[in-house]
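Which chain is which? The protein sequence lines are A and B, in order. Residue 569 is where the first sequence starts when you use this note's numbering, and the numbers rise one by one after that. Residue 569 is where the second sequence starts when you use this note's numbering, and the numbers rise one by one after that.
2 protein chains.
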Amino acid sequence: MNKGNKNLAVIGLGLIGTSILHAIKLKFDNEFVTYAYDLNLKHRQIVENLNIADYVVNDIKKAVEKADIVILAVPVGVMGNVAKEVCIYLKKGTILTDTGSTKVSVINDIKKHISSDVYFIPSHPLAGTEHSGPKSGFATLFENRYWIIVSSVKNDKTLILENIFSKFGAIIEYMDADYHDKALAITSHLPHLIAFTIVGTASNLELDLKNDIIRYAATGFRDFTRLASSDPTMWRDIFLNNNEAILEILDRFNKDLLELKKYIKQKNKKELFDFFSKTRRIRSKIVKVGQHEYEDFKKI
Amino acid sequence: MNKGNKNLAVIGLGLIGTSILHAIKLKFDNEFVTYAYDLNLKHRQIVENLNIADYVVNDIKKAVEKADIVILAVPVGVMGNVAKEVCIYLKKGTILTDTGSTKVSVINDIKKHISSDVYFIPSHPLAGTEHSGPKSGFATLFENRYWIIVSSVKNDKTLILENIFSKFGAIIEYMDADYHDKALAITSHLPHLIAFTIVGTASNLELDLKNDIIRYAATGFRDFTRLASSDPTMWRDIFLNNNEAILEILDRFNKDLLELKKYIKQKNKKELFDFFSKTRRIRSKIVKVGQHEYEDFKKI
């Protein structure tokens with residue numbers, strides 16, 4: 569094997585971390601020597617057996633000390649602590665990125681540990697499935713999905729990340745952290761919050777009715793149960809860390825829902841029809857991106 | 569052609585009506601002579617061109633006067649009026665069913681027009697896609713989906729419908745109208761209401777931000793836009809006609825959402841984690857039914 573001389577470390581071996589390793593193995597021609605680390609021994613063993621990293625190490629130091637690029641793919645809630653550990657060992661000139669779903673809080677948590685000779689470039693792949701853990705990763709997860717880079721400038725360092733993510737098949741976008749958090753609050757965090765709630769409501773109703781109505785779930789509810797089966801740790805951390813933007817969006821949603829409720833109460837034919845017609849048009853705006861989420865959907 | 573001597577009429581040539589015609593053509597061996605009618609000339613022409621009915625007629629009388637079985641597949645809001653027209657022409661012993669998504673109101677609207685020598689057996693196939701109109705129908709729509717028959721008894725008449733729907737591939741369940749409306753309120757109507765709302769909220773936010781954030785829609789929001797692109801007339805009618813059950817479920821949902829909001833505000837780690845863990849388990853309860861909705865999903 570004629571491996572390249574760039575070292576890349578992935579810290580955190582869940583869905584995102586292992587998908588990155590799969591993608592590097594599949595899409596790069598020995599350009600990187602990869603190091604994989606997770607606090608969880610079982611996760612490391614699974615990755616070892618999957619044979620998707622050159623070195624699966626049992627010590628975070630060994631994972632990052634030679635690294636040219638370090639990717640933190642751990643839950644948002646532990647980013648700060650993991651960064652603190654990692655940063656002690658980084659060599660000069662290392663590029664550090666993270667894949668956290670919230671950016672303002674993660675950047676705050678990480679940046680205080682970064683020394684001036686390390687390049688911290690936060691990022692976020694808008695990709696995922698309802699499955700989690702090291703067995704759930706796959707090489708095409710990022711194909712045709714946005715990968716946000718949080719940087720106000722483009723330079724040779726951001727370009728290095730851009731090239732890697734592009735080769736994974738991702739579509740690169742640059743934006744600032746505030747805008748990211750607001751956009752994600754409406755397009756991802758609120759939908760998941762609602763899904764978690766509605767599935768919980770249905771569950772409570774079943775208990776009250778002492779009957780199993782959920783099995784009648786047709787299109788609609790089925791989608792919600794899929795969203796509501798996503799990793800609880802990840803989502804807890806997102807709601808704790810994108811708190812402000814989510815609460816703001818939630819208030820808007822509640823206002824709109826209250827209005828729709830009013831129309832239902834009033835049996836207001838015209839307003840209901842207008843409302844349901846308007847939302848139909850919005851669908852056409854959505855970029856037609858990759859297929860894997862639908863493939864994944866079929867596993868239900 | 570050696571057609572059988574049973575006449576079956578489908579009134580209303582949208583997704584459900586045309587899917588029924590497709591399914592009869594595919595799955596029955598000339599057992600029925602089929603009559604198709606829709607108020608809309610264009611819809612009739614499309615069905616004529618699709619060649620899925622023996623007779624596409626331009627007069628509701630011609631569609632139903634010889635019918636042994638009549639299926640009303642029109643929006644819930646016009647069921648009563650259509651039934652009124654149809655019932656004038658029905659011969660003695662005809663079985664009349666409907667496919668309406670709400671049952672209490674539809675039964676009230678229809679039953680006053682039924683004479684004593686006609687058998688009215690309400691039903692509801694829990695099947696659909698976000699597409700509507702005569703071109704959206706397909707023969708396998710009902711495969712592995714529930715088809716509810718609203719009847720407190722099983723007899724030779726309900727058995728006739730049961731046999732047809734079963735041959736379409738549907739799973740037959742009997743229940744009463746109240747229970748149906750409550751079950752559908754939580755498993756279908758509320759999810760759609762929420763989806764319509766959230767897509768509207770996102771759209772308003774875009775206008776305020778003067779920016780196109782919806783294109784970042786990943787899993788989650790994407791599902792909602794699919795639901796929110798369903799037929800507006802159909803959904804308006806559902807919300808007008810299952811009003812009471814929906815408002816009751818909506819109040820429960822709002823209560824649960826308020827609680828979750830409280831936990832987010834408090835940054836209550838434990839309660840958030842517990843809530844997100846609980847809903848994950850519910851998913852496993854959902855019956856693993858047909859694939860076509862996923863196939864359809866892929867058309868996005």
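Built from N, CA and C at the ideal position, the CB exists for glycine as well.
How big is the Cα-Cα spacing for residue i and residue j?
{"i": "Val601(B)", "j": "Lys634(B)", "result": "10 Å"}
{"i": "His681(B)", "j": "Lys610(B)", "result": "28 Å"}
{"i": "Gly580(B)", "j": "Pro702(B)", "result": "9 Å"}
{"i": "Asn573(B)", "j": "Glu599(B)", "result": "7 Å"}
{"i": "Leu594(B)", "j": "Ile716(B)", "result": "22 Å"}
{"i": "Val672(B)", "j": "Lys750(B)", "result": "10 Å"}
{"i": "Lys833(A)", "j": "Leu773(A)", "result": "22 Å"}
{"i": "Val721(B)", "j": "Ile740(B)", "result": "14 Å"}
{"i": "Ser797(B)", "j": "Tyr657(A)", "result": "52 Å"}
{"i": "Lys837(A)", "j": "Asp799(B)", "result": "14 Å"}
{"i": "Val654(B)", "j": "Ile628(B)", "result": "7 Å"}
{"i": "Asn617(A)", "j": "Tyr623(A)", "result": "12 Å"}
{"i": "Ala621(B)", "j": "Val650(B)", "result": "20 Å"}
{"i": "Asn619(A)", "j": "Ser719(B)", "result": "58 Å"}
{"i": "Asn608(A)", "j": "Asp805(A)", "result": "19 Å"}
{"i": "Arg820(B)", "j": "Val625(A)", "result": "49 Å"}
{"i": "Thr546(B)", "j": "Tyr742(B)", "result": "Residue 546(B) lies beyond the stretch modelled for chain B, which goes from 569 to 868, so this question has no answer here."}
{"i": "Tyr784(B)", "j": "Gly668(A)", "result": "16 Å"}
{"i": "Phe596(A)", "j": "Leu826(B)", "result": "48 Å"}
{"i": "Arg713(A)", "j": "Val638(A)", "result": "21 Å"}
{"i": "Asp636(A)", "j": "Ile850(B)", "result": "43 Å"}
{"i": "Asp724(A)", "j": "Asp842(A)", "result": "50 Å"}
{"i": "Ile663(B)", "j": "Thr726(B)", "result": "9 Å"}
{"i": "Asp744(A)", "j": "Lys823(A)", "result": "28 Å"}
{"i": "Leu840(B)", "j": "Leu828(B)", "result": "7 Å"}
What residue range is occupied by the uninterrupted beta strand (DSSP E) comprising residue i?
{"i": "Pro643(A)", "result": "No beta strand (DSSP E) holds Pro643(A); DSSP gives it neither H nor E."}
{"i": "His760(A)", "result": "Taken as a continuous stretch (DSSP letters only), His760(A) belongs to no beta strand (DSSP E), being part of the alpha helix (DSSP H) at Leu758 to Leu777."}
{"i": "Ser578(B)", "result": "Checking the sequence shown, residue 578(B) turns out to be Val, not Ser. Lys574 to Ile579 is the span of the beta strand (DSSP E), which, as asked, contains Val578(B)."}
{"i": "Phe600(A)", "result": "Phe600 to Tyr605"}
Who are the Cβ neighbours of residue i in its own chain at under 6 Å, not counting the five residues just before and after it?
{"i": "Leu583(A)", "result": "Ser700, Ser704 and Gly705"}
{"i": "Glu698(B)", "result": "Arg794, Ser797 and Ser798"}
{"i": "Ala707(B)", "result": "His590, Ala591 and Leu594"}
{"i": "Leu709(A)", "result": "Ser587 and Ala695"}
{"i": "Phe736(A)", "result": "Ala591 and Phe710"}
{"i": "Gly585(A)", "result": "Val578 and Ala641"}
{"i": "Tyr605(B)", "result": "Ile579, Val625, Ile628 and Ala631"}
Residue range of the alpha helix (DSSP H) that residue i falls in?
{"i": "Ala813(B)", "result": "Asn811 to Gln834"}
{"i": "Thr755(A)", "result": "Looking at the DSSP string, Thr755(A) is not in any alpha helix (DSSP H), and its letter there is neither H nor E."}
{"i": "Arg783(A)", "result": "Here Arg783(A) belongs to no alpha helix (DSSP H), and DSSP marks it neither H nor E."}
{"i": "Ile592(A)", "result": "Leu583 to Lys595"}
{"i": "Ile850(A)", "result": "Lys837 to Ile850"}
{"i": "Val672(B)", "result": "Val672 to Lys679"}
{"i": "Asp799(B)", "result": "No alpha helix (DSSP H) holds Asp799(B); DSSP gives it neither H nor E."}
{"i": "Leu709(B)", "result": "Run containing Leu709(B): none; DSSP gives neither H nor E here."}
{"i": "Ile682(B)", "result": "Unbroken run through Ile682(B): none, as it is neither H nor E."}
{"i": "Asn731(A)", "result": "Asp724 to Lys735"}
Using DSSP bridges, identify the partner residues of residue i.
{"i": "Asn617(B)", "result": "Looking at the DSSP assignment, Asn617(B) forms no beta bridge with any residue, so it has no partner."}
{"i": "Glu741(A)", "result": "Ile716(A)"}
{"i": "Pro693(A)", "result": "Trp715(A)"}
{"i": "Ile663(B)", "result": "Ile637(B) and Tyr687(B)"}
{"i": "Val624(A)", "result": "Ala604(A)"}
For the putative contact between residue i and residue j, defined by C-beta atoms under 8 Å, what is the C-beta separation to the nearest angstrom?
{"i": "Lys660(A)", "j": "Asp677(A)", "result": "Contact doesn't hold; Cβ gap of about 23 Å is too wide."}
{"i": "Trp803(A)", "j": "His760(A)", "result": "6 Å"}
{"i": "Arg575(B)", "j": "Thr670(B)", "result": "Correcting the residue identity first, residue 575(B) is Asn in this sequence and not Arg. Incorrect: roughly 28 Å between the Cβ atoms, too far for contact."}
{"i": "Tyr603(A)", "j": "Ala577(A)", "result": "4 Å"}
{"i": "Ser691(A)", "j": "Thr665(A)", "result": "5 Å"}
{"i": "Leu758(A)", "j": "Ile675(A)", "result": "With 8 Å as the limit, Leu758(A) and Ile675(A) do not qualify as a contact, their Cβ atoms being about 22 Å apart."}
{"i": "Phe844(A)", "j": "Phe764(B)", "result": "6 Å"}
{"i": "Asp776(B)", "j": "Asp791(A)", "result": "About 27 Å separates the two Cβ atoms, so there is no contact after all."}
For residue i, collect the residues of the same chain with a Cβ closer than 8 Å to its Cβ; drop the 5 residues on either side in sequence, then sort them by chain order.
{"i": "Lys652(B)", "result": "His681"}
{"i": "Ile781(B)", "result": "Ala770, Leu773 and Glu774"}
{"i": "Lys679(B)", "result": "Phe688"}
Given residue i, which residues of its chain have a CB within under 7 Å of its CB, disregarding the five upstream and five downstream residues?
{"i": "Ile817(B)", "result": "Ala753, Ile754 and Leu758"}
{"i": "Thr526(A)", "result": "No answer is possible for residue 526(A): the residues shown for chain A start at 569 and end at 868."}
{"i": "Gly648(B)", "result": "Asp677 and Ile678"}
{"i": "Ile614(B)", "result": "Pro702 and Lys703"}
{"i": "Ser734(B)", "result": "Ile740"}
Mind checking whether the beta-carbon of residue i lies closer than 7 Å to any heavy atom of the ligand NAP?
{"i": "Cys655(A)", "result": "By its list of ligands, the structure shown contains no ligand whatsoever, and the ligand NAP lies outside what it can speak to."}
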